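Numbering (our numbering), first residue to last: 1 to 482.
By construction, the Cβ of each residue, glycine as well, lies at the ideal position given by its N, Cα and C atoms.
None of these values were measured; they are calculated from a predicted model.
What follows is a single structure, written as structure tokens, with notes after it.
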Amino acid sequence: MADGQDRWVLHVDMDAFFASCEQLTRPTLRGRPVLVGGVGGRGVVAGCSYEARARGARSAMPSHQARRLVGPSAVFVFPRMAVYRALSRRVFEVFAEHAPVVEQVSVDEAFLEPPELRGADPERTRRWAQDLRAAIREATGLPASVGAGAGKQYAKIASELAKPDGVAVVPRRDHAEVLYPLPVRSLWGVGPVAGERLSQFGISTIGDLAAMDDDDVVHALGRTVGPAIARIARGYDDRPVHERAEAKQISAESTFAADLTTAGQVAVAVRRSAEGAHRRLLGDGRAARTVTVKVKRTDFTSITRSYTLPAGTTSLETIVAVARSLAPDPLDFGAIRLLGVGLSGLTEIHQDALFEQEFLPGARHVPAHDEFEDLPDIVGVGTTVTTDDDETAVGGGASSAADDGLHAPPAIGAWRQGLEERFRTGSDVRHPEFGHGWVQGSGHGRVSVRFETAVTGPGRMRTFAEDDPDLELADPLDSLGW
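What follows is the structure in structure tokens.
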């Protein structure tokens, strides 16, 4: 067929996955600006609905900033990873029914290369992608965006163009028209540092990079990665779609232009590295049991220290607290040029963050003002995912952000929360008469519960005494109504 293309790779990205899962299982939240994450002093947005994005919120943004942008209509809910993993598994079952090989990128995105699309024209590919979206919607009730292109990079860019809840097909013949005008940072491997180097050569778009002289590419990006990125910009991405081994360890580290010499600098560096690793952890969809801190002195000697929790955690604050307790004080250890935080012992079993603090090792006290101490410039940054076959992917962590597990995040109303309360806002509960619901607000000995699941439609809210014997905590998975 004249319009056929020898290869079609599809990238499927579940739209605003965490927030969409919340809106699915808690129908009252549909159409509302939902923010998933924590609201403590260090709370960070892990995911947000498109209604919240339209008001300026985004993943990885501090929660207080997102709340200010969205306004009083903002709905905060804490992450429920068990629900997200269950829906993710069902999504990937649909993928497996449609393609023999599925390359999972994270809990909510994957690449597929259906054999039946070899030689297909763009319209047939579009119909196939629409059928896949319909199958995902039927199986889960969730929206998905699908991009199709001649390679993984182009499919990934197409899925961004398809959002929200759509399909974009970019055939090879349309690269110059569709891809070349896009910012050069749309390409994998072109982060802030590489983007700045390219801008010094007058390169701002993919088309500029595609036309760049090979010697200039090497000078700007290095001999190792420069030619590979330029080749992709020019329309050649023959990387295969293959099943990825399950990650064994996730880590993030930074090398500093000037040594860290104070406990305050180390505390800030620990948090930054922990946040980078935590973003990858949320994308992976599992919890981590072991936290490892790696530090390197000016003389290049290094040490690693680890601590293993009794159960897995997805709490950023737990990870930071453990890492802070492991990191050495430069006054005793010596000046530090590199610091990294690693997460391993990845598991599906997730310890409720409310009870994690009792397992934490004793952390050294660091004065509060040191939290804001400036760090030297970072000259090297790495986020790694080590898999079972010892392949390592390096990237910048594009999705998700952090929860704030040691601070109970409120949802609608009830901003004052205490760990001693029987029910925290957002908890899943059950009542023998009204069924499954979730705590919409609590305080002054009262608990307001919205009784609804994914299959009931918006439910009615009822208020109970906090010590009502008929009201009890429930399994979050019951909110799916399966």
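- Query: Short check: CB of I250 to CB of R280, under 7 Å?
  - Reply: For I250 and R280, yes; Cβs fall inside 7 Å.
- Query: Any idea which residues DSSP pairs F464 with across the strands?
  - Reply: DSSP links F464 through a beta bridge to V447.
- Element boundaries [beta strand (DSSP E), containing V341]: Here the beta strand (DSSP E) through V341 covers 336-344.
- Query: Just reading off the beta strand (DSSP E) that E317 is part of, what are its end residues?
  - Reply: No beta strand (DSSP E) holds E317; the alpha helix (DSSP H) holding it covers 316-326.
- Task: Could you check which residue in P181, A220, A176 has the C-alpha nearest to that of S204?
- Result: If we check each option's Cα against that of S204, P181 comes out closest.
- Terminal residues of the alpha helix (DSSP H) in which D131 lies: For D131, the enclosing alpha helix (DSSP H) begins and ends at 122-140.
- Item | Bounding residues of the alpha helix (DSSP H) (the contiguous stretch that carries M81) | For M81, the uninterrupted alpha helix (DSSP H) run begins and ends at 81-98, by DSSP.
- Per DSSP, the bridge partner or partners of I206: For I206, no pairing in a beta bridge is given by DSSP.
- Any heavy atom of the ligand GTP closer than 6 Å to the Cβ of V320? The model on display carries no ligand, and the ligand GTP is accordingly not part of it.
- Between the region 164-177 and the region 25-44, do three or more beta carbon pairs fall short of 8 Å? Flag = no, the region 164-177 and the region 25-44 do not touch.
- Task: Determine the extent of the alpha helix (DSSP H) in which R68 is found, giving its start and end residues.
- Result: That run of the alpha helix (DSSP H) goes 63-70.
- Note down, in chain order, each residue of its chain lying with its Cβ closer than 6 Å to the Cβ of F464, except the 5 sequence neighbours on either side. Result list for F464: V447, L471, in chain order.
- Query: How many Å lie between A129 and R239 at the Cα?
  - Reply: Each residue's Cα considered, the two are about 21 Å apart.
- Please state whether DSSP places G47 in a helix, a strand or coil. Reduced to three states, the DSSP call for G47 is strand.
- Task: Kindly indicate which three-state DSSP category L309 falls into: helix, strand or coil?
- Result: Strand at L309.
- Query: Would you call the CB atoms of T425 and G441 closer than 7 Å?
  - Reply: Closer than 7 Å, so yes.
- Coil, strand or helix - F423 by DSSP: It is coil, neither helix nor strand.
- By Cβ distance below 6 Å, which residues in the same chain neighbour P114 in space, the five residues on each side in sequence not counted? Counting only Cβ-Cβ distances below 6 Å, and skipping sequence neighbours, we find A99.
- Message: On the CB-based measure, 16 or more other CB atoms within 10 Å of its CB, does G459 come out buried or exposed?
- Response: Buried.
- Message: On the DSSP bridge list, what partners appear for E472?
- Response: DSSP lists R430 as partners of E472.
- Buried or exposed: W8, going by 16 or more other Cβ atoms within 10 Å of its Cβ? W8 comes out buried.
- Item | Y50 to V75 span [Cα, whole Å] | Cα to Cα, Y50 sits roughly 13 Å from V75.
- Message: DSSP three-state label for K296, please.
- Response: Strand.
- Under the rule that 16 or more other beta-carbon atoms within 10 Å means buried, what is E138, buried or exposed? Residue burial annotation: E138 is exposed, with fewer than 16 other C-beta atoms found within 10 angstroms of its C-beta.
- Query: With 16 other CB atoms within 10 Å as the buried threshold, where does F18 fall?
  - Reply: It is buried - the Cβ of F18 has at least 16 other Cβ atoms within 10 Å.
- Item | Beta-bridge pairing of E452 - partner residues as DSSP gives them | Per DSSP, none; premise fails for E452.
- Message: For the structure I just gave you, are there three or more beta carbon pairs, one from the region 217-229 and one from the region 146-153, closer than 8 Å?
- Response: With a cut-off of 8 Å, the region 146-153 and the region 217-229 do not count as touching, because too few Cβ pairs lie within range.
- Inter-residue Cα distance where the pair is C48 and R58: So the two alpha carbons sit approximately 6 Å from each other.
- Query: With distances taken from CA atoms, which of M81, R289, L10, E177 is nearest D131?
  - Reply: For D131, the nearest C-alpha among the options comes from L10.
- Query: Do three or more CB pairs link the region 293-307 to the region 321-340 at distances below 8 Å?
  - Reply: Touching, yes.
- Can the beta-carbon of T308 be found less than 7 Å from the beta-carbon of A287? Not in contact: T308 and A287 (Cβ atoms no closer than 7 Å).
- In terms of residue numbering, what span does the beta strand (DSSP E) encompassing D13 cover? Counted as a single uninterrupted DSSP element, the beta strand (DSSP E) harbouring D13 occupies residues 9-14.
- Message: What does the Cβ neighbour count give for H444, buried or exposed, with the cut at 16 atoms within 10 Å?
- Response: Classification for H444: exposed.
- Using DSSP with H/G/I as helix, E/B as strand and the rest coil, what is E348? Coil.
- Query: Which residue's Cα is closest to the Cα of T456: D299, G481, P432, L339?
  - Reply: If we check each option's Cα against that of T456, G481 comes out closest.
- Note down, in chain order, each residue of its chain lying with its Cβ closer than 8 Å to the Cβ of A110, except the 5 sequence neighbours on either side. Excluding sequence neighbours, A110 sits near H11, V12, F92, F95, V102, E103, Q104.
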